[in-house]
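Worksheet for the structure shown next.
Residue numbers (our numbering), protein chains in the order written: chain A, 1 to 419; chain B, 1 to 419.
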């Protein structure tokens, strides 16, 4: 079989498996998850060996050290993967929940119930643990999954998927519920994106080129895990000490992630006292500042001039753009014009200003007096996460188990016909 | 401006209007809806005159009489449109509803609230009242809408949209919240489908060619209102009198709609008594029957042989395909293989068989002992309908006000930072 045939065959096998998986009860799915955790533990040596191949290739390709570090598995990280699987087994199963039900005047009983989506494609470029995370969340919710990971972790991904499939087989579930495309050919992305008869939804996590390749061809819904150009706005009525803590946390605690701060907006009435202190602290922490004239005047020549492009840039690094604004409205306008609708925060003591900001900023997550870093399935209490959707439909923000389900209507009657 | 520029300009104007509209409260939106109803009433003569042009063109193009009838407006139908607008004004507003809220151990208060989607594109081929239905449901939910109707109703659509915009203006809302593409050039569909920066979702109602044109280019979520290949399965434990009433109703009451019956499946144990009686009644009602060998043997030569293509065909006419099956499982397999996952029913007195069918048939709406004709926003009690989604995400089945909203997370803190 050529690549097209192989992947189309995956589609049919996954569809068949999804029908079976949808019929399993929570207990059967949890037993499979425990067997998958056991298999990851039992096959640790094989997985680490495969991972070593990826590391050697990455070093050969002179990938950045931070990327190689993210790629690397060791006994501790593998134990983390195993633990995550057991944690998902322990989470409540959203499938079967009755979202709402009502009776019509003609006696029809209508129930809106939560059901699996069917077959989910996951196209990603990231650490090997995403292979496991995505697969187990799909299994828990009764979905089959077709995984297409990045080339840099291909050996690790194959070894992990093999272990998970072994777990399914051991628990007597159809192993085709988890399929991994065993090639790094980007053509696979185009093929998957066009298989709307066998793939119901694609979750796409990766850089712009990957997401563009999916979007250009996709015929089914695509949930993008894309960039976060996140803002903190320090209002004239902010507690400046709290504001500084939030800004430092949002920028510095883990700058390489999508919910980290990229642009600081400060009300002009507090710009001088706030930026003098906070600017110095950011510089002390090796943050490169890029500001408008006003910011540069207050903080000094250590601040580079910000260009128009800076306002739309996700640095994912110790770089921060900063701007002084006239009002909360001007801050909202800036965020709507340049932001990516991911996570944005206001720091203020004024409840009315805060509520205006919360309601008018059209982002997945809007904060009042808290760091943007909390946009995360774990921090939300979801217990797991397949990604953070930057789309508005069907999932927005942290995406966990419920977001891997849809609904259908069950209608029970006694012979009703329409007049 | 050329077509591309015109439609892109629509996108920017709609985006701006959507930001304003999202901030209006229910009262302001309802006032605008009442003004829109008034405008439709006051401009009746202009709208009917425009409609007469469409009718003349349709007659010139020798469109089928049924289609011309659907296209035609008169005083009574226009009064119906006016009444529908006032009815939507009276419905509860889903925007602002708190879907769920919880507190995290660190004190963060997380609220998941219902918000407008933003800008919705509606691409359709149908009666002129869809122009009004789509526009008012979007206004009610705080969304701006870009409408692109079919060429056969272009004059009516322009006149109706003008009246609705007049209503918005009268109520001092931004009239760009309702924009109608004033051309029948199909290129407009391609342009809209690529405007993912200014259109958040497309609702697509129409034939296969139209939907294919949208899907081939779309970069944003598309909700399709596509075909319904609906089934009724008569189980061996069915009340055969009830089964016949349901089959006749589902096939004959209004055969030209998506929730009408297209394929009848009958358990072999009851095939003979059921098909003898029900088959005769269907023939008496001028229904053309296309059956497998078994059906033809029972009902006789009046039944044409069904081809493989019949099982996947949406006739939208007085034609019915019929098949005898070995079991409820075989019926489910047939539906999963050939159906369009729209509306499917089982008639049986056995609760266990019914529940199996309800849970295993992967359709938007699954019925036990009721006609498939109830898949409809009005019949569900939604009070309105923008279409019936044949997609699994973000809306499935009848689509009304709630389905024109999404959600965001509002998070209120007291200075929380991530450790």
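The C-beta atom is built at its ideal place from N, Cα and C for all residues, glycine as well.
For residue 311 of chain A, there are no neighbours in chain B by C-beta distance under 9 Å, as the nearest C-beta there is about 16 Å away. Contact annotation for residue 364 of chain A against chain B: 408 and 409 [CB-CB distance below 8 Å, chain order]. In the DSSP assignment, residue 20 of chain A forms no beta bridge with any residue.
By a beta-carbon distance limit of 8 Å, residue 215 of chain A does not contact residue 251 of chain A. Their separation comes to about 30 Å. Contiguous alpha helix (DSSP H) elements confined to the segment 82-139 of chain A do not occur, taking only those with 4 or more residues.
Residue range 26-42 is occupied by the alpha helix (DSSP H) that includes residue 35 of chain A, with no beta strand (DSSP E) assigned at that position.
Look at residue 249 of chain A: its C-beta is under 8 Å from a C-beta on chain B.
In the pairwise beta carbon analysis, the segment 169-182 of chain A is classified as not touching the segment 93-106 of chain A: fewer than three pairs are separated by under 8 Å. The Cβ atoms of residue 349 of chain A and residue 271 of chain A do not sit closer than 8 Å to each other.
Between the segment 154-161 of chain B and the segment 200-214 of chain B there are fewer than three inter-stretch CB-CB distances shorter than 8 Å, so the stretches are not counted as touching.
Secondary structure at residue 237 of chain A: coil, using DSSP grouped into helix, strand and coil.
Using a Cβ-Cβ cut-off of 8 Å, residue 201 of chain A counts as an interface residue toward chain B, since at least one Cβ of chain B sits closer than that to its own. With respect to chain B, the C-beta atom of residue 157 of chain A has no partner C-beta closer than 8 Å. Of all residues in the segment 106-134 of chain A, those with a C-beta nearer than 8 Å to a C-beta of chain B are 108, 110, 115, 117 and 118, reading in chain order.
Contact between residue 292 of chain B and residue 324 of chain B holds, since their C-beta atoms are separated by about 6 Å, short of 8 Å.
Our two residues, residue 335 of chain B and residue 144 of chain A, have alpha carbons roughly 20 Å apart in a direct line.
Each residue's CA atom was taken as its position, placing residue 7 of chain B and residue 223 of chain A some 26 Å apart. Of A/362, A/12, A/346 and A/307, the smallest CA-CA separation from residue 371 of chain A is found for A/346.
Sorting A/303, A/333, A/344 and A/253 by C-alpha distance to the C-alpha of residue 418 of chain B places A/253 at the top. Chain A places a beta carbon closer than 8 Å to that of residue 336 of chain B, counting this residue as a contact. For the segment 244-291 of chain A, the full-length beta strand (DSSP E) segments reaching 3 residues or more read 261-267 and 288-291 along the chain. Under DSSP, the beta-bridge partners assigned to residue 345 of chain A are A/232 and A/367.
Residues of the segment 195-226 of chain B with a Cβ closer than 9 Å to any Cβ of chain A, in chain order: 196, 200, 201, 215, 216, 218, 219, 220, 221, 222 and 223. Out of A/119, A/328 and A/49, the CA that lies nearest to the CA of residue 232 of chain A is found in A/328. With fewer than 16 other Cβ atoms inside 10 Å of its own Cβ, residue 45 of chain A counts as exposed.
Taking each of B/146, B/126 and B/127 in turn and checking the Cα distance to residue 135 of chain B, the smallest one comes out for B/146.
About 13 Å separates the beta carbons of residue 375 of chain B and residue 249 of chain B, which is beyond the 8 Å limit, so they are not a contact pair.
Here residue 395 of chain A is not near residue 385 of chain A, since their CB atoms are 8 Å or more apart. At least 8 Å separates the CB of residue 399 of chain B from every CB of chain A.
For residue 48 of chain B and residue 124 of chain B, the gap between their C-alpha atoms comes out near 21 Å.
Nearest to residue 273 of chain A by alpha-carbon distance, out of A/317, A/236, A/109 and A/68, is A/236. Proximity of residue 371 of chain B to chain A, defined by a Cβ-Cβ separation below 8 Å, is satisfied. For residue 414 of chain B, the neighbours in chain A by C-beta distance under 7 Å run, in chain order, 369. Residue-level contact check: residue 374 of chain B touches chain A, since one or more beta carbons of chain A fall below 8 Å from its beta carbon. Among the residues of the segment 340-352 of chain B, none has a Cβ less than 7 Å away from any Cβ of chain A. The alpha carbon of residue 393 of chain A has as its nearest neighbour, out of B/200, B/340 and B/373, the alpha carbon of B/200.
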